[in-house]
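The structure under discussion appears below in the form of structure tokens.
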Amino acid sequence: MMMEKFALRSRILLAGAAMSALLLAGAPAGAVTPADTLVEGFAIDDIISMDPGEAFELSTAEVTGNTYDLLVRLDLSDTSKVKGDLAESWTVSDDGFTYTFKLKPGLKFASGNPITAADVAYSFERAVKLDKSPAFIIGQFGISGDNVTEKAKAVDDTTFQFTVDKGYAPSFVLNCLSATVASVVDAKLVKEHVAAVTPSADYKWDNDFGNAWLKTGYAGSGVYKLREWRANEAVVMERNDNYYGEKAKLARIIYRNMKESSAQRLALEAGDIDVARNLEPNDLDAIAKNADLTTTSAPKGTVYYISLNQKNPNLAKPEVRQAFKYLVDYDALGSTILKGIGEIHQTFLPKGVLGELDENPFKLDVAKAKELLAKAGMPDGFSVTMDVRSKQPETGMAESIQQTLGQAGIKLEIIPGDGKQTLTKYRARNHDIYIGQWGQDYFDPNSNAQTFASNPDNSDAGKSHTLAWRNSWDIPDLTKETEAALLEKDAGKRADMYKDLEKKILDTSPFVIIHQQLEVAGLRKNLKGFALGPSFDSNFVGPVSKE
């Protein structure tokens, strides 16, 4: 798809000139969104790829959750369970190693191609062999490029079999299969767009499994189909009339990239957008007073944190790591820029997750931080940089932290960038300090424990790119404890193991966890059925309609 300047041309327009006006950066005041279209103002500059085998960003998760189907999906009525999506039923072998899924009959992709177990098997194969950021979710079950075709295979057209390497708790395996990396792609369509690759030591396959095409292309079966993504501008989705379940009520969904809360509020008030997704406290208050608007919210399994790269020798000192935890003004953040959109929460498991530790031991204490810095041999502080995505609340949090660090002599330079820039640098371990958010990949405590408390290979060539790895934190003992907790089937004992891990992360880690997100949205009152889910890939727009 062409990434030309975003002023939709006639070949793209589906609702005439009114649609074009909606998508221009400066839509005129008083514009009215079409009756069959939902327009959301949303900071989507973090999107790097639309390939579900590669995408690992929060905004992309929402698009993927609405445009691709899975074998199983989180049950929103009880998030401790999953429910069938493409799978009609499934069984687990007595030894806990083999999962057999039976597909629903008559399924089709948006292209019209039938959905078969071979498509499921190919989807797993390409995700594992591409080995992009989310591949570890499947790879952690002993699945590799060399064995994936045996471990994830079609028994017949309607039967898919997945074999794991240990007798895990079935809920853990099924929760992982509800992650977006397990999205089922149209194998026939993808194979028509593969590009040849010359095998190398780093990549031994002879094709790219359609990755270059799927960065902007689409091969799914969800309630909506992706029509177009224009980087830093917009995502356009259209209703998928081949969807197996209840069809979407609106013809299309448009996400307009709008990073500023005030711009979203003004556009919402003017009717230029139907939903504002990144509102700050002041703008939330203004919307609450507007009779034409309303708000909705939902707690997210997402925590905001700053992380200290242990490749920086100053940040690698234990006393410095501890000092940073006393140089955040949690109370001030909670009462200002996080008011209504977050709750102070300093442990890596969000509230509501098995084993969550409800302890917030750190407060702003400059004197304590200075003592720790002196003990580390740096009584006068030092200079350091922080990579910050140019949106709220990250920018406001970074500025607050810059001020409190300065009170202890630490000179912080803020390096702003869009989501792609900051994430790419962070994933390459080229940062000093990074401020960001981490959302659960699946509803199981291992999702966050694995990323904050596990790092199987700390080398630059390490394949498990957890947050501990991104910050070069070498923790073999904690890694073993994380693995042991994963295999404990007794829920009470398992919860205690995670609480112990959280205490150790609080005391020793390079992570300063600040708050848990409360996602909010402002919306026009003519919307019906709009709801935010517990995760970004469960923000479903299929039920949304307009009066």
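Using mature numbering (1 follows the signal peptide of the UniProt record, and there is no 0), the letters of the sequence shown correspond one by one to residues -31 to -1, 1 to 516.
Think of the CB as a built atom: it goes at the ideal place given N, C-alpha and C, for glycine as much as any other residue.
Open item on the list: Ignoring anything shorter than 3 residues, give me the beta strand (DSSP E) runs that lie fully in the region 126 to 201, in order along the chain.
Closed with: The beta strand (DSSP E) runs of length 3 or more contained entirely in the region 126 to 201 are, from start to end of the chain, 128 to 132 and 193 to 199.
Task: Spatial neighbours of T420 in its chain, beta-carbon cut-off 6 Å, leaving aside the 5 residues before and after - done: One-based indexing of the sequence shown puts residue 420 at position 451. Here the set comprises T435 and L436.
Task: Selected residue, minimal CA-CA separation from A292, among I256, I112 and M347 - done: As a first step, residue 292 is located in the sequence shown; it is residue number 323 there, counting from the start. Ranking I256, I112 and M347 by Cα distance to A292 puts M347 first.
Task: beta strand (DSSP E) segment containing M355, residue limits - done: Position 386 of the sequence shown, counted from the first residue, corresponds to residue 355. Counting along the chain, the unbroken beta strand (DSSP E) around M355 starts and ends at S352 to R358.
- [ ] Kindly indicate which residue of F110, L296, A220 and L323 has the alpha-carbon position closest to the one of L342.
- [x] Sequence index remark: in the sequence shown, residue 342 carries index 373 (1-based). Ranking F110, L296, A220 and L323 by Cα distance to L342 puts L296 first.
Open item on the list: Across the region 261 to 278 and the region 482 to 500, are there enough close Cβ pairs to call them in contact, namely three or more that are closer than 8 Å?
Closed with: Below 8 Å, enough C-beta pairs join the region 261 to 278 and the region 482 to 500 to call them touching: three or more.
- [ ] Quick one: residues in its chain with C-beta nearer than 8 Å to the C-beta of E26, no 5 flanking neighbours on either side, listed in chain order?
- [x] Along the sequence shown, read from residue 1 onward, the residue named residue 26 stands at position 57. Taking C-beta separations shorter than 8 Å and ignoring five residues to either side along the sequence, the partners of E26 in its chain run D15, I16, I17, G388 and L392, following chain order.
TODO: Can you give me the Cβ contacts of K(-27) inside the same chain, cut-off strictly under 6 Å, excluding the 5 residues immediately before and after it?
DONE: As a first step, residue -27 is located in the sequence shown; it is residue number 5 there, counting from the start. In this prediction, K(-27) scores a pLDDT of 31, lower than 50, which makes its location untrustworthy; the coordinate-derived value is nonetheless stated afterwards. Hits under 6 Å: none found.
- [ ] Please name the residue, chosen from A188, E94, R246 and Q233, that lies closest to F78 on a Cα-to-Cα basis.
- [x] Translated into the one-based positions of the sequence shown, residue 78 becomes position 109. Of the candidates A188, E94, R246 and Q233, the one whose C-alpha sits nearest the C-alpha of F78 is A188.
Task: Exposure label - V1; buried when at least 16 CB within 10 Å - done: Taking the first residue of the sequence shown as position 1, residue 1 is located at position 32. Of the residues assessed, V1 falls on the exposed side of the cut-off, its CB having fewer than 16 other CB atoms within 10 angstroms.
Task: C-alpha gap between A345 and I379, whole angstroms - done: In the sequence shown, the residue the question calls residue 345 occupies position 376. In the sequence shown, the residue the question calls residue 379 occupies position 410. In a straight line, the C-alpha of A345 is about 13 Å away from that of I379.
- [ ] Look at the alpha carbon of R196 and the alpha carbon of E31, and state the distance between them as a whole number of angstroms.
- [x] Locating residue 196 in the sequence shown gives position 227, where the first residue counts as 1. Locating residue 31 in the sequence shown gives position 62, where the first residue counts as 1. Approximately 15 Å, taken between the alpha carbons.
Task: Proximity to V89 [Cα-Cα], best of Y68, E450 and A121 - done: Position 120 of the sequence shown, counted from the start, is the residue given in the question as residue 89. Shortest Cα-Cα distance from V89 to any of Y68, E450 and A121 involves A121.
Open item on the list: Starting from E363, trace the alpha helix (DSSP H) in both directions and tell me its first and last residue.
Closed with: Taking the first residue of the sequence shown as 1, we reach residue 363 at position 394. Per DSSP, E363 belongs to the alpha helix (DSSP H) from E363 to G375.
Task: S62 to Y68 span [Cα, whole Å] - done: Your numbering for residue 62 matches position 93 in the sequence shown. Your numbering for residue 68 matches position 99 in the sequence shown. If you take the alpha carbons of S62 and Y68, they lie about 7 Å apart.
Open item on the list: Classify A86: buried if its beta carbon has 16 or more other beta carbons within 10 angstroms, exposed otherwise.
Closed with: Your numbering for residue 86 matches position 117 in the sequence shown. With 16 or more other Cβ atoms from the protein chains shown falling within 10 Å of its own Cβ, A86 counts as buried.
Open item on the list: Residues in the same chain with beta-carbon distance under 7 Å from S369, minus the five sequence neighbours each way, listed in chain order, please.
Closed with: On the sequence shown, position 400 is the one that residue 369 refers to. D298, A301 and L302, listed in sequence order.
- [ ] Run the CB neighbour count on P362, radius 10 Å, all protein chains shown included, and call it buried at 16 or more, exposed below.
- [x] Position 393 of the sequence shown, counted from the start, is the residue given in the question as residue 362. By the Cβ-count criterion, P362 is buried, with 16 or more other Cβ atoms from all chains shown falling within 10 Å of its own Cβ.
Open item on the list: Only counting the same chain, and skipping five residues up and downstream in sequence, which positions put a Cβ closer than 8 Å to that of S423?
Closed with: Position 454 of the sequence shown holds residue 423. Listed in chain order, the non-local C-beta contacts of S423 below 8 Å within the same chain comprise S433, T435, A437, I444, L447, T448, T451 and E452, local neighbours out to five positions each way being set aside.
Task: Residue ranges of each alpha helix (DSSP H) within the region 399 to 446, 4 or longer - done: Correct list: 414 to 422 and 436 to 439.
TODO: Measure the alpha-carbon distance for V510 versus I384 and round it to whole angstroms.
DONE: In the sequence shown, counting from the first residue as 1, residue 510 sits at position 541. In the sequence shown, counting from the first residue as 1, residue 384 sits at position 415. Distance between the alpha carbons of V510 and I384 is about 35 Å.
TODO: Taking the CB atoms as reference points, tell me whether T316 and L326 lie closer together than 8 Å.
DONE: Position 347 of the sequence shown, counted from the start, is the residue given in the question as residue 316. Position 357 of the sequence shown, counted from the start, is the residue given in the question as residue 326. Yes; because the gap between Cβ atoms is below 8 Å, this pair is in contact.
Task: Candidates F505, T29, G111 and A500: closest to S266 by CA position - done: The sequence position of residue 266 within the sequence shown is 297, counting from 1. Of F505, T29, G111 and A500, the residue nearest in Cα terms is A500.
- [ ] Let me know the secondary structure DSSP gives K71 once reduced to three states.
- [x] As a position in the sequence shown, residue 71 is number 102, starting the count at 1. Here K71 sits in strand by DSSP.
TODO: Return helix, strand or coil for T33, following the three-state DSSP convention.
DONE: As a working mapping, residue 33 is identified with position 64 in the sequence shown. T33 sits in a helix when the DSSP states are folded into three classes.
Open item on the list: Taking only three categories from DSSP, how would you classify G303?
Closed with: On the sequence shown, position 334 is the one that residue 303 refers to. Here G303 carries a helix assignment [DSSP, helix/strand/coil].
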